[in-house]
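The block underneath contains the structure these notes are about, expressed in structure tokens.
Given below as structure tokens:
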């Protein structure tokens, strides 16, 4: 019964980023479980504080939701699961802790996004929009920021891409900075790379993509469902 949400105490233990399961990064986070029909659906919030050593500490809060360990795997149970953590659109961790340390970040601003996921790694959603929270953090004491070899600038207005679909040919190992401004809240998704950039209406957002997978890849708006860019990597 999805209306029955377990409010057991959440695990407050801090988690070291080094202990995160690297294999967990390979899951596809694209499928959604819609809980719009619940009177009290799950919620999530997140704050981030830089640690001065090239990292940040996240504090995650949830309601109407029970956080359970990712491992060992268990079957889907409504109202429980774990959090997916994204940094600058890249999936970096799947956690059940509410205090999470992220390290090895470059100096500068980073976008943090946290979603709530089922035990089988599908993300909970309301009206086909993932239940998520975002924040940003200015990191210091880390490595120098990566310089982009290419830049793509996109503007989305009235459901259209100003200037049409952007196409770029890149060599393996190069980095492209994709800056997007949308007139509505959206998500930009880069296929195969499993990168997602949260777009807030009227606010430019930038995603750095390192071309480490050869092939032709589309970038599309998740909710609108149409292509906005193409990357050809060789």
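In the numbering used here, the protein residues as written are 81 to 314.
Beta carbons: idealized from backbone N, C-alpha and C, even for Gly.
Here DSSP, grouped into helix, strand and coil, assigns residue 242 to coil.
In this structure, residue 222 and residue 186 form a Cβ contact; the two beta carbons are roughly 5 Å apart against a cut-off of 8 Å. Excluding its 5 nearest sequence neighbours in each direction, residue 271 has C-beta neighbours in its own chain below 8 Å: 297, 298, 299, 300, listed in chain order. The alpha-carbon of residue 122 is positioned some 12 Å away from that of residue 113.
The alpha-carbon separation between residue 157 and residue 199 amounts to approximately 7 Å. Between the stretch 200–214 and the stretch 223–238 there are fewer than three inter-stretch CB-CB distances shorter than 8 Å, so the stretches are not counted as touching.
Residue burial annotation: residue 141 is exposed, with fewer than 16 other C-beta atoms found within 10 angstroms of its C-beta. With three or more CB-CB distances shorter than 8 Å, the stretch 261–281 counts as touching the stretch 159–170. Beta bridge pairing from DSSP links residue 138 with 128, 180. No Cβ-Cβ contact shorter than 8 Å links residue 192 with residue 260.
Looking at the DSSP output, residue 236 shares a beta bridge with 241, 262. DSSP, read as helix, strand or coil, puts residue 118 in coil.
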